[in-house]
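If you're matching them up, the sequences are chains A and B in order.
Mapping to this note's numbering: the first sequence position 58 is 58, numbers consecutive.
Just add 1000 to wherever you are in the second sequence, counting from 1, and you've got this note's numbering.
For every residue, glycine included, the Cβ atom is placed at its ideal position computed from N, Cα and C.
In this text the structure is predicted, and so the values were computed from the model without any measurement.
There are 2 protein chains.
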Amino acid sequence: MKTESKRGRPRKFDEDVTLDRIMLVFWQHGYAATSLDQIAEATGLNRPSLYAAFGSKKDMYLKVISRFADQMQAYLHEAGQSTSGLKPKLKAIMAAAIDLYCGKSSFCNAAYGCLAISTLTTEVADDPDFKTMMEHIVQRMDQGFTDLIRAETTGTVPEASVRFAAQHLSLILHGLSVRARAGESRAALQELAEVAVDRLAPEPASDSVV
Amino acid sequence: MKTESKRGRPRKFDEDVTLDRIMLVFWQHGYAATSLDQIAEATGLNRPSLYAAFGSKKDMYLKVISRFADQMQAYLHEAGQSTSGLKPKLKAIMAAAIDLYCGKSSFCNAAYGCLAISTLTTEVADDPDFKTMMEHIVQRMDQGFTDLIRAETTGTVPEASVRFAAQHLSLILHGLSVRARAGESRAALQELAEVAVDRLAPEPASDSVV
DNA sequence: CTATTTTTGTGCGATATGGTACAAAAATGG
DNA sequence: CCATTTTTGTACCATATCGCACAAAAATAG
């Protein structure tokens, strides 16, 4: 590992750019079906350099998953900032997620769904480290929705209901990812998501009923 | 391939039993991470016999996925028969699916989710045959819910709404599978599913509003 | 200019993989 | 009892895989 080196031959690659390229390879093929040669070709690096910089294939994958979770969280958070009110925010977040799942984002231009749901899910039954990572990912999604709902309802909804609704919304997101990778159109998914938010988001006790 | 042979050395294995064992191997490891040696060990057959009986690894996998879809459909249909009324039927189906996803069925005793969602989803981006199969699977789930809802509402709900609700329920099922494989408890999933059905199943125009 | 440090890249090696050739085995037909 | 048919199982092949050894390359420190 290096942190801030001055001496020695300089690197020919940018770490972030390379990680993004590695991400795309795993995103398309999944973990097991991806070979280090494919990664080497996609990044322009050779295997020893990859290994020196990012560790084993498994290390790379876990790094990339964590990175994706961070980027996704920021991306969805930003989408939520574009409007106000719980349901509008949730709908904006869902719409952004669907765009990403369908290849309409700067992350990925193919309809590969969510990196974690599409590729990590398969691996969790074999490797405890992957299982742990998957649990973290799901928990993070739940937590993200929980925080948003709590903030937007400010005490008018019991905490248990907040968490419950958050899990429902995560559930929807997982389903949307699966269907996106299965080839469903963006428009169809957007319709489904919009109505799902209307039905599953908590109502803050008294509000204008549409 | 054989259909009804009389001459020749008799087989030492039962085709259905063997296919079920192959299914379990793919279910746990996924397609790419499963080796023919693992299948050979799990079935007690050797690779040439496997190849002669079921074709290539890909052939086996597709056979197993189709078989699973058939078995799953029958299993869920039967679960729906245990009660009457749309929502009770849907809840019974969801409960049965969750049992299966969490390893509480005769199909599988581990929490591996849905075979197709957990393992096929990963592969669809690389192989058009897998993509086609995935589309079929999703369509079949939608169709199953569509038929049930239409039968139980008998014209009181417009066809478009029937199909839309069916897609919502499929979406929930996909999400439940993901969360089951991620380790979520059966009880938690059952709660989520029950409320989701209440919120997403269509109301037949005029009915007792809870 | 020399020593040191870090990255690069060729090439290797041990293993695993999917698929198949081929002979032995085990049944039936005549 | 012999020919035929089908399955079995050992052995094999070509290829792919991951990881690493090792020397050359490219920078800095003094």
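Asked: Strictly under 8 Å for the Cβ-Cβ distance: is L1200 of chain B near chain A by that measure?; Found: yes
Asked: When you compare each of A:H29, A:V25, A:A33, A:A40 to F13 of chain A by their alpha carbons, which one comes out closest?; Found: A:A40
Asked: Near K1002 of chain B, what residues of its chain come up, given a Cβ to Cβ distance below 7 Å and the 5 sequence neighbours on each side ignored?; Found: The predicted model places K1002 of chain B with a pLDDT of 42, which falls under 50 and marks its position as unreliable, so this point remains unresolved.
Asked: Using the C-alpha atoms, what's the distance from D1016 of chain B back to A201 of chain A?; Found: 45 Å
Asked: Give me, in chain order, the residues of the same chain whose beta-carbon lies closer than 7 Å to that of T83 of chain A; leave out the 5 immediate sequence neighbours on both sides.; Found: K89, A92
Asked: Hey, Y1061 of chain B and F1026 of chain B are a contact pair by Cβ (cut 8 Å); roughly how many whole angstroms apart?; Found: 6 Å
Asked: Compute the Euclidean distance between the alpha carbons of P1158 of chain B and E1152 of chain B, then round it to the nearest angstrom.; Found: 13 Å
Asked: From which residue to which residue does the alpha helix (DSSP H) around I117 of chain A run?; Found: No alpha helix (DSSP H) contains I117 of chain A, which DSSP labels as neither H nor E.
Asked: Which chain A residues sit within Cβ distance under 8 Å of T1119 of chain B?; Found: T122
Asked: Which residues, taken in chain order from the segment 1139 to 1154 of chain B, show a beta carbon closer than 8 Å to some beta carbon of chain A?; Found: none
Asked: Between A196 of chain A and chain B, is there a C-beta pair that is closer than 8 Å?; Found: yes
Asked: Check this for me: beta carbons of G183 of chain A and L1171 of chain B, under 8 Å apart or not?; Found: no
Asked: Please classify L50 of chain A: does DSSP put it in a helix, a strand, or coil?; Found: helix
Asked: List the residues of chain B whose Cβ lies closer than 7 Å to the Cβ of Q167 of chain A, in chain order.; Found: L1192
Asked: I believe T1018 of chain B touches T1034 of chain B by the beta-carbon criterion, under 8 Å. Please report the beta-carbon distance rounded to the nearest angstrom.; Found: Between T1034 of chain B and T1018 of chain B the Cβ distance is about 15 Å, and since that is not below 8 Å, they are no contact.
Asked: Measure how close the beta-carbons of L1120 of chain B and I1065 of chain B come, nearest whole angstrom, since I'm counting them as under 8 Å.; Found: 6 Å
Asked: Output, in chain order, the set of chain A residues within a Cβ distance shorter than 7 Å of Y1112 of chain B.; Found: A125
Asked: Could you tell me which of A:S118, A:Y112, A:D126 sits nearest to S185 of chain A, measuring between CA atoms?; Found: A:Y112
Asked: Given D1207 of chain B, which residues of its chain have a CB within under 7 Å of its CB, disregarding the five upstream and five downstream residues?; Found: Because D1207 of chain B carries a pLDDT of 48, less than 50, the predicted location of this residue cannot be relied on, and the following value inherits that uncertainty. Around D1207 of chain B: no qualifying Cβ.
Asked: Can you round the beta-carbon distance between A116 of chain A and F68 of chain A to whole angstroms, since I take them to be within the 8 Å contact cut?; Found: 7 Å
Asked: Residues of chain B with CB under 8 Å from Q28 of chain A, in chain order?; Found: A1125, D1126
Asked: Where does the unbroken alpha helix (DSSP H) through Y1031 of chain B begin, and where does it stop?; Found: No alpha helix (DSSP H) holds Y1031 of chain B; DSSP gives it neither H nor E.
Asked: Closest to A53 of chain A by CA distance: which of A:P10, A:D129, A:A74 is it?; Found: A:P10
Asked: With a Cβ-Cβ cutoff of 8 Å, do L148 of chain A and G85 of chain A count as a contact?; Found: no
Asked: Distance cutoff 8 Å, beta carbons only. Does E1041 of chain B sit that close to anything in chain A?; Found: no
Asked: Quick check on the burial criterion: 16 or more other C-beta atoms within 10 angstroms. Buried or exposed for K1006 of chain B?; Found: exposed
Asked: Please report how far the alpha carbon of M133 of chain A lies from the alpha carbon of T1156 of chain B, in whole angstroms.; Found: 46 Å
Asked: Please report the residue range of the alpha helix (DSSP H) in which F1068 of chain B lies.; Found: 1057 to 1081
Asked: DSSP three-state call for F13 of chain A: helix, strand or coil?; Found: coil
Asked: For V1209 of chain B, decide whether its Cβ has a neighbour in chain A, counting only Cβ atoms nearer than 8 Å.; Found: Reliability of the predicted coordinates at V1209 of chain B is poor, the pLDDT of 47 falling under 50, and the value obtained from them is presented with this limitation in mind. By this cut-off, V1209 of chain B is not an interface position.
Asked: Given that E159 of chain A touches chain B, what residues does it touch there, using C-beta distances under 7 Å?; Found: Here the premise fails: no neighbours, minimum Cβ distance about 16 Å.
Asked: Throw me the rounded Cβ distance for the A1166 of chain B and T1146 of chain B pair, which I believe falls under 8 Å.; Found: 4 Å
Asked: I want to see whether chain B comes within less than 8 Å of R181 of chain A, judged by CB atoms only; does it?; Found: yes
Asked: Here's the rule I'm using: 16 or more other beta-carbon atoms within 10 Å means buried, otherwise exposed. How should K1058 of chain B be labelled?; Found: exposed
Asked: Of the choices A:R140, A:E203, A:P204, A:T154, whose alpha-carbon is the least far from that of L173 of chain A?; Found: A:R140
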